[in-house]
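Notes follow the structure.
Numbering (this note's numbering), first residue to last: 93 to 239.
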């Protein structure tokens, strides 16, 4: 081990423990940085232990809590497998959101047509009704006070 390497391992361990996915960071970028930090923080640890730490750090550092729960239930054994599951889940969620938006727009169009139909019915009723003029001076029907 090189001089000062022990101190650096503690720094890397702290960085790894506190590592959270940034808002502009993709899943792939986050996974690569987690893998790098785990290798630097635990360079002499067995591969199985490093893989387990990497998966835990990756899952707990994700900013999407629903994705965190999904990955915890999936119990991925490797970091690559965790990334693959996360990417599949992200694609499925985006597809569901797009589909949901399309349904809402369809409902809005139907709602607009319904309002238009009701308005047309009201206009028909109003056009058929005879308007009777009432005098504002004497109150009798059929004439208006002349000036």
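Every residue gets a Cβ at the ideal spot worked out from N, C-alpha and C, and that includes glycine.
Of the residues the options, the one placed nearest residue i, counting alpha carbons only
i: residue 104; options: 126, 121, 233 and 170; result: 126
i: residue 170; options: 123, 114, 236 and 100; result: 123
i: residue 130; options: 145, 119, 153 and 121; result: 145
i: residue 120; options: 179, 167 and 106; result: 179
i: residue 184; options: 159, 233, 207 and 217; result: 159
i: residue 136; options: 208, 177, 97 and 166; result: 97
i: residue 110; options: 116, 164, 133 and 118; result: 133
Where the alpha helix (DSSP H) through residue i begins and ends
i: residue 119; result: 119-133
i: residue 108; result: 97-109
Classification of residue i by the beta-carbon crowding that lies within 10 angstroms, buried from 16 upward
i: residue 113; result: buried
i: residue 149; result: buried
i: residue 108; result: buried
i: residue 162; result: buried
i: residue 231; result: exposed
i: residue 154; result: buried
i: residue 175; result: buried
i: residue 187; result: exposed
i: residue 151; result: buried
i: residue 143; result: buried
i: residue 214; result: exposed
For this session: Only counting runs of 4 or more residues, tell me where the alpha helix (DSSP H) segments fall wholly within the stretch 139-171, in order along the chain.
Result: 139-153 and 157-166
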